[in-house]
Structure formats: C-alpha cells, structure tokens
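Asks: Below are the structure tokens for one structure; questions will follow.
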C-alpha cells in the first residue's frame, strides 16, 4: 500500500496481503477526481457483522460511486436480512439487481 493508505483501517489479515476494516459508521475512504472507465470489473470480499434494517427497502451501502460531473452511478450493499443488492443508474434510468434466494449470514469472527 502507498503512503495514502488509511493505516488505522488496515489489518494484516484476510485472503491476501491484508484488508481494510470499516466500522459502518465513521470510517470511509474517499477518492477524489476519479472517473470510471466505460468498462470495469469490481470485486471485493465482505464479512458483515450486522445488517441495517433497510427501512423502505433502501440499500445500506458498502460501495458507493457517484460524482457531480457523472450522470452514471452505482451502489453495492444490503437490503433487509443481508440480501445483497446492486443499484446502478445510467442517466435517468435506475436499475436494481438482487437475488431473492441468497442472503448473507452475519459473520461472528473479527478481523
């Protein structure tokens, strides 16, 4: 990791060389002045410890990309009871991708 790594969030555990740990309330990472390419792949590992109650079935975001200069955006997160969901907007069109049969269990382990 480079010198801009948020060292307080970095844990030397995980599937590779380490992992970032976010508490779900006060920790986040912001990347300024970045434009997504037309095609990209997003991959991540998550170990949820709790789920939001998803009032009004809104996504509780894990990853959120939006920019004032870009009309396209996406969010990856949870709906009720650990249901993984992806929401993306292409201009004025907003779409959801969910799996009604797959719910993620809460993990009891700690990083």
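Numbering (this note's numbering), first residue to last: -6 to 104.
No residue lacks a Cβ here, since even glycine has one placed at the ideal position from N, Cα and C.
Comparing the C-beta of residue 90 with each C-beta of chain C, is any distance below 8 angstroms?
Replies: Among the protein chains of the structure shown there is no chain C, as only one such chain exists.
Asks: What three-state label does DSSP hand residue 70 in the structure shown?
Replies: If DSSP states are grouped into helix, strand and coil, residue 70 belongs with the strands.
Asks: Between residue -5 and the rest of its own chain, which residues show a CB-CB distance below 8 angstroms, the 5 nearest in sequence each way excluded?
Replies: Caution is warranted here: a pLDDT of 48 is assigned to residue -5, below 50, making its placement in the model unreliable, and no coordinate value can be reported.
Asks: Would you please state the rounded distance, in angstroms, between the beta carbons of residue 107 and residue 29? I believe it to be under 8 angstroms.
Replies: Limits of the chain in this structure are -6 at one end and 104 at the other, which puts residue 107 out of reach.
Asks: Spell out the partners DSSP gives residue 91 in its beta bridges.
Replies: Residue 91 is bridged to 78.
Asks: What residue from 63, 4, 96, 2 has the CA that sits closest to residue 78's CA?
Replies: Of the candidates 63, 4, 96, 2, the one whose C-alpha sits nearest the C-alpha of residue 78 is 96.
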